[in-house]
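Heads up, the sequence shown is in the UniProt record's numbering, so the first residue is 1 and it goes up one at a time. Ideal Cβ positions, reconstructed from N, Cα and C, are used throughout, including at glycine. The next block holds one structure in the form of structure tokens; read it before the comments.
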Amino acid sequence: MTGTEKSDHGQWSSRFAFILAATGSAVGLGNIWKFPYITGENGGGAFVIVYLLCVLLIGIPIMMAETMLGRRTRQNPIDTMITLSDEAGADKNWHYLGWMGVIAGFLILSYYSVIAGWASAYVLKAFTGSFFAADASEIKGLFDGLIASPIQLIFWHSLFMLATMSVVARGVKTGIEKAVRFLMPSLFVMLILLVAYAMTTGSYDQGLKFLFTPDFSKLTGDSVLTAMGHAFFTLSIGMGAIMVYGSYLPKDVSISKTVFLIAGTDTVVALLAGMAIFPIVFASGLEPAAGPGLIFQTLPIAFGNMTGGWLFGILFFVMLVFAALSSSISLIEPAVAWLVENKGMNRKQACIWSGSITWLLGFGTIFSFNIWSGFKIFDRTIFQLLDYLTANLLLPIGGFCIAVFAGWIMKRQHSEHELGMPNTLSYQVWKVLICYVAPAAVFLVFLHVVGVL
Ligand code: TRP
1 MTGTEKSDHG QWSSRFAFIL AATGSAVGLG NIWKFPYITG ENGGGAFVIV YLLCVLLIGI
61 PIMMAETMLG RRTRQNPIDT MITLSDEAGA DKNWHYLGWM GVIAGFLILS YYSVIAGWAS
121 AYVLKAFTGS FFAADASEIK GLFDGLIASP IQLIFWHSLF MLATMSVVAR GVKTGIEKAV
181 RFLMPSLFVM LILLVAYAMT TGSYDQGLKF LFTPDFSKLT GDSVLTAMGH AFFTLSIGMG
241 AIMVYGSYLP KDVSISKTVF LIAGTDTVVA LLAGMAIFPI VFASGLEPAA GPGLIFQTLP
301 IAFGNMTGGW LFGILFFVML VFAALSSSIS LIEPAVAWLV ENKGMNRKQA CIWSGSITWL
361 LGFGTIFSFN IWSGFKIFDR TIFQLLDYLT ANLLLPIGGF CIAVFAGWIM KRQHSEHELG
421 MPNTLSYQVW KVLICYVAPA AVFLVFLHVV GVL
């Protein structure tokens with residue numbers, strides 16, 4: 001991932017390289033696929049406000065903390081926690097935080113890859129002209145047909161996992177850095193064009209109103225948890241991905257500025273996706289709460305109707321697959337870095353191991369959309385369970401521990417030094433957020449969900 005492809009821990013070529021990689025990790029299916037559908041399921045505006053508050057007050061401070069922990073030791077997340085707890089004279093058990101991250105990464109990637117597979121399948125659908133002259137119900141039929149077919153899903157999931165593994169095996173810097181440099185700005189421009197298309201649907205106002213007018217009566221305890229969990233998911237924090245990227249970050253780079261830039265870009269992309277999708281939802285008489293298929297049931301309608309929609313549709317889904325790829329690689333990088341640095345494997349072997357485990361796990365998600373759709377635990381399918389367990393539980397718990405470690409365990413002079421802002425106002429603000437606000441917020445949301453509060 002460092003471009004050196006050796007077992008020794010390398011370094012990004014520049015601050016810009018880190019920004020690209022971390023933004024590539026943050027911007028992905030979470031922004032374009034997940035944010036719109038969970039916003040739709042949770043009633044719109046009020047949910048969006050809670051999500052934005054969580055990004056600002058919990059996500060950004062924790063993202064700074066996670067980057068800082070990784071950069072201080074320049075090791076994989078598990079060894080980072082061992083080294084740092086030693087340094088602070090704290091309990092060794094902190095290294096379980098690294099382990100939890102590795103497991104969370106496998107679990108997330110197992111379903112992330114299946115959804116990225118849907119996006120890949122849509123590149124082909126766009127190419128063969130399936131979106132033309134199709135009405136909303138035909139478009140829905142296309143999607144339903146895809147997820148009903150285990151064979152097709154296995155094919156696309158396998159393809160996407162192979163792509164992820166081959167990029168990670170080669171090291172992120174060589175392959176993906178170049179691709180991301182060009183593809184991310186393109187995705188951005190395409191989203192803006194889609195928003196422009198949404199303005200012509202006649203339901204633009206209704207879409208924006210849904211997204212930005214809060215109705216707090218629609219907010220349940222679980223939606224608050226989902227909004228908070230999504231703040232972690234979309235920023236890629238709470239499981240060591242940003243920690244491992246931070247570990248490749250040169251020492252002289254300002255963590256705070258960099259993190260603000262990444263989190264800001266990530267948020268803008270999510271909001272643009274929402275602004276593009278909801279007007280189409282309302283104009284086509286669809287349900288905002290349609291679930292994980294939302295973008296696959298709405299965007300093709302836009303592509304089928306707009307001039308140049310054929311090419312646009314293909315390019316859009318290609319971009320989406322690349323956005324997913326630049327995220328998926330960060331989900332197995334902690335495991336790969338650990339295997340390389342501790343088990344004497346080379347990157348290729350480490351990728352084959354971790355990729356195969358994830359690939360197998362992915363079958364659970366695939367079947368939860370068809371042959372096992374009736375199989376539910378706690379009223380959730382395997383996919384829903386994995387999503388809930390990781391985004392709503394493991395990431396916030398991981399983030400909570402990172403906050404406690406960075407705020408309470410690590411010595412003040414060390415965090416001041418790493419963040420490069422000794423005793424400034426910004427440091428004080430960060431310190432208050434990381435010691436009190438972020439951990440308390442996570443804790444209170446959990447209490448609220450279990451009904452204590
Ligand atoms: N942030 C990515 C997205 O929004 C997903 C992702 C990549 C992720 N790496 C992560 C989520 C690490 C949690 C933890 O699509």
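Exercise. What did DSSP end up calling Phe18 once you bin it into helix, strand or coil?
Worked result: helix
Problem set entry | Identity of the residues DSSP links to Arg380 by a beta bridge | Ile377
Exercise. Given a threshold of 16 other Cβ atoms within 10 Å of its Cβ, counted over all protein chains shown, does Glu333 qualify as buried or as exposed?
Worked result: buried
Problem set entry | Beta-carbon separation (whole angstroms), Met161 vs Gly355, contact threshold 8 angstroms | 6 angstroms
Exercise. Hey, Thr365 and Phe383: beta-carbon distance below 7 angstroms or not?
Worked result: Yes, they are a contact pair.
Exercise. Does the distance from the C-beta atom of Ile58 to that of Ala441 stay below 7 angstroms?
Worked result: Yes, the Cβ-Cβ distance between Ile58 and Ala441 is below 7 angstroms.
For this session: Give the secondary structure of Phe97 by DSSP, where H, G and I count as helix, E and B as strand, and everything else as coil.
Result: The question names Phe, but residue 97 is Leu in the sequence shown. Taken through DSSP and simplified to helix, strand or coil, Leu97 comes out as helix.
Problem set entry | Secondary structure of Ala90, DSSP reduced to three states | In the structure shown, Ala90 sits in coil (DSSP, three-state: anything other than H, G, I, E or B).
Exercise. So, residue 454 versus Ile108, is the Cβ gap smaller than 7 angstroms?
Worked result: Outside the displayed span of the chain (1 to 453) sits residue 454, for which this structure offers no information.
Exercise. Between the Cα of Thr267 and the Cα atoms of Cys54, Gly44, Gln349, Lys125, which residue gives the shortest distance?
Worked result: Cys54
Exercise. Beta carbon of Leu193: closer than 6 angstroms to some heavy atom of ligand 1?
Worked result: no
Exercise. Any idea what DSSP makes of Phe369, helix, strand or coil?
Worked result: Residue state, collapsed to three classes: coil.
Problem set entry | Gly3 (DSSP reduced to helix, strand or coil) | With a pLDDT of only 38 at Gly3, under the threshold of 50, the placement of this residue in the model should not be trusted; the figure read from the coordinates follows. Looking at Gly3 - three-state DSSP - the assignment turns out to be coil, as it is neither helix nor strand.
For this session: Can you tell me which of the three DSSP states Phe317 falls into?
Result: helix
Exercise. Three-state secondary structure (DSSP) at Val437?
Worked result: helix
For this session: With DSSP collapsed to three states, give me the class of Gln152.
Result: Helix.
Exercise. How should Leu433 be labelled, buried or exposed, when 16 other C-beta atoms within 10 angstroms of its C-beta is the threshold for buried?
Worked result: In this structure Leu433 is buried. Its beta-carbon is surrounded by 16 or more other beta-carbon atoms within 10 angstroms.
Exercise. Do the region 202-216 and the region 13-28 make contact, defined as three or more Cβ pairs closer than 8 angstroms?
Worked result: Judged by Cβ distances under 8 angstroms, the region 202-216 makes no contact with the region 13-28, as fewer than three pairs qualify.
Problem set entry | Cβ neighbour criterion (16 or more within 10 Å) applied to Asn93 | It is exposed - the Cβ of Asn93 has fewer than 16 other Cβ atoms within 10 Å.
Exercise. Closer than 6 angstroms: is that where the CB of Thr164 sits relative to any heavy atom of ligand 1?
Worked result: Distances between the C-beta of Thr164 and the heavy atoms of ligand 1 are all 6 angstroms or more.
Problem set entry | First and last residue of the uninterrupted alpha helix (DSSP H) at Arg305 | With the sequence shown as reference, residue 305 is identified as Asn, and Arg is not the correct amino acid for it. Where Asn305 is concerned, the enclosing alpha helix (DSSP H) stretches over 294-305.
Exercise. Would you call Ser14 buried or exposed, if buried means 16 or more other Cβ atoms sit within 10 Å of its Cβ?
Worked result: The residue in question, Ser14, is exposed, as its Cβ has fewer than 16 Cβ neighbours within 10 Å.
Exercise. So is Ile295 buried or exposed if we call it buried at 16+ other beta carbons inside 10 Å?
Worked result: buried
For this session: Note down the Cα distance separating Gly101 from Ile242, rounded to an integer number of angstroms.
Result: 11 angstroms
Exercise. Between the beta-carbon of Gly407 and the beta-carbon of Gly238, is there less than 7 angstroms?
Worked result: no
Exercise. For the alpha helix (DSSP H) that contains Arg74, what are its first and last residues?
Worked result: It is not in any alpha helix (DSSP H) - Arg74 carries neither H nor E in the DSSP assignment.
Exercise. Expressed to the nearest angstrom, what Euclidean distance is found between the alpha-carbon atoms of Ile103 and Thr307?
Worked result: 45 angstroms
Exercise. How long is the line joining the alpha carbons of Pro279 and Leu194, rounded to whole angstroms?
Worked result: Using only the alpha carbons, I get a separation of about 10 angstroms.
Problem set entry | Span of the alpha helix (DSSP H) around Gly344 | Premise fails: Gly344 is in no alpha helix (DSSP H) and is neither H nor E.
Exercise. If you check the beta carbons only, do Ala46 and Phe232 fall under 7 angstroms apart?
Worked result: no
Exercise. Helix or strand or just coil, what does DSSP make of Val449?
Worked result: helix
For this session: Kindly list the residues whose CB is nearer than 8 angstroms to the CB of Arg71, restricted to its own chain and excluding five residues on each side of it in sequence; keep chain order.
Result: Gly246, Ser247, Leu249, Lys251, Ile255, Glu418
For this session: Please confirm whether Asn392 and Pro150 have their CB atoms less than 7 angstroms apart.
Result: no
Problem set entry | Val259 versus Ser426: straight-line alpha-carbon distance, rounded | The straight-line gap from Cα to Cα measures roughly 13 angstroms.
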